[in-house]
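For the sequence shown, counting from 1, position 150 maps to 150 in the UniProt record's numbering; every step adds exactly one.
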Amino acid sequence: MLLSCGCTNRPSRLNSPKDWSIILNMSALKRSPRNVRSPRSTAAMVKHLPSAVAALLQSGKGPAKLTKVDTPDGVKAVPLADWLWDKSQVQAQAALDTDFIQGIKSGLLDPTNYGGYTVQDAVYCDNATDYFGIAEMKACDKDLKEFIAARIKSYAEYTEIMFKEWYIKHPKGIAMGDAAASYSEFELDVATTEEPFYLLIAMLPCEKLWGWLAQEIKSGINDTNVYSFWIQDNLPGSHTLANYIDENAESLKWI
Numbered sequence: 001m002l003l004s005c006g007c008t009n010r011p012s013r014l015n016s017p018k019d020w021s022i023i024l025n026m027s028a029l030k031r032s033p034r035n036v037r038s039p040r041s042t043a044a045m046v047k048h049l050p051s052a053v054a055a056l057l058q059s060g061k062g063p064a065k066l067t068k069v070d071t072p073d074g075v076k077a078v079p080l081a082d083w084l085w086d087k088s089q090v091q092a093q094a095a096l097d098t099d100f101i102q103g104i105k106s107g108l109l110d111p112t113n114y115g116g117y118t119v120q121d122a123v124y125c126d127n128a129t130d131y132f133g134i135a136e137m138k139a140c141d142k143d144l145k146e147f148i149a150a151r152i153k154s155y156a157e158y159t160e161i162m163f164k165e166w167y168i169k170h171p172k173g174i175a176m177g178d179a180a181a182s183y184s185e186f187e188l189d190v191a192t193t194e195e196p197f198y199l200l201i202a203m204l205p206c207e208k209l210w211g212w213l214a215q216e217i218k219s220g221i222n223d224t225n226v227y228s229f230w231i232q233d234n235l236p237g238s239h240t241l242a243n244y245i246d247e248n249a250e251s252l253k254w255i
């Protein structure tokens, strides 16, 4: 889900040449705490995981496992993550066309809008940490429990740093936009009312979308784009939540 970030075509508040020189000097891509790696990145996906569990996220181990799904043409066996993604192309394209993503690609996104996105994302991830905690307590499968526990650690590390660096004392002090708030509420409902594996499926749009968006705008990576780090951090890798879902959809959906 693309977080609402108040992206409008208003003039930037950085008016002086000195202000803009500071922003452009960031294009050296030296990482600061304010652009700490997202817990949805490929690197964060395997952090804290035992190697045996991390291997379940690795693609290329063989033919994708298939899950039976209901379609207008009857029940079909398909890779579940691919099927869900194929059904979401209208929303994915709409996200790609937003001023926010196109501003990231061009490097011309108003820094105020980027800040609005970032503080919302920090609160969203703080909420997600709690939702993963609910799922972990309900999980019985050992690998699933370890996977969720690792997700909790990655999300908790991210939110702790972001809250400190963006001066967020309490998440209730940040009013998320309608899109982010409704998606977060949906995840809470899934975490509390469904089996743990379904929370991973509910998280899939968030995990899958950012990698796809980064892939689509990777031509924006250059020495003068202050947002190049964002594109690079979100590029998809071989370890993905989609792989885990496809490998375990049939065996874990009722656990």
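We put the beta carbon where it would ideally sit given N, CA and C, even for glycine.
Contact check, residue i vs residue j, beta carbons under 8 Å
i: Trp122; j: Met162; result: In the sequence as presented, Trp is not what sits at residue 122; that position holds Ala. Closer than 8 Å, so yes.
i: residue 260; j: Asn225; result: The requested residue 260 does not occur in the structure, where the chain is confined to residues 1 to 255.
i: Leu109; j: Gly103; result: yes
i: Ser106; j: Gly220; result: yes
i: Tyr114; j: Glu187; result: no
i: Leu213; j: Leu241; result: no
i: Trp166; j: Thr112; result: no
i: Gln232; j: Ala180; result: no
i: Tyr244; j: Leu199; result: no
i: Trp85; j: Lys208; result: yes
i: Gly133; j: Ile152; result: yes
Proximal residues to residue i (C-beta, below 7 Å), its chain only, five neighbours per side dropped
i: Pro39; result: Cys125, Ser154, Tyr155, Tyr158
i: Lys145; result: Glu136, Ala139
i: Gln215; result: Leu235, Pro236
i: Ile101; result: Ala95, Leu213, Ile217
i: residue 330; result: Here the chain covers residues 1 to 255 and nothing more, so residue 330 does not appear.
Neighbourhood of residue i by C-beta, 6 Å cutoff - its chain only, sequence neighbours within 5 removed
i: Ala128; result: Tyr155
i: Ser184; result: Tyr124, Asn127
i: Asn248; result: none
i: Ser251; result: none
i: Pro171; result: Val123, Asp126
DSSP-derived helix/strand/coil call for residue i
i: Ser251; result: helix
i: Leu235; result: coil
i: Asp246; result: helix
i: Asp86; result: helix
i: Leu241; result: helix
beta-carbon residue i near the ligand PLP non-hydrogen atom, thresh 7 Å
i: Pro205; result: The ligand PLP is absent from the structure shown, which contains no ligands of any kind.
Close beta carbons around residue i, own chain, < 8 Å, minus the five adjacent residues each side
i: Leu168; result: A quick correction: the sequence has Ile, not Leu, at residue 168. The answer, listed in chain order, is Val119, Ala122, Val123, Met162, Ile174.
Output the residue ranges of the alpha helix (DSSP H) runs that lie fully inside the UniProt domain "Thiaminase-2/PQQC" (100-233) and measure 4 residues or longer, sorted by chain position.
111-138, 142-165, 178-193, 196-216
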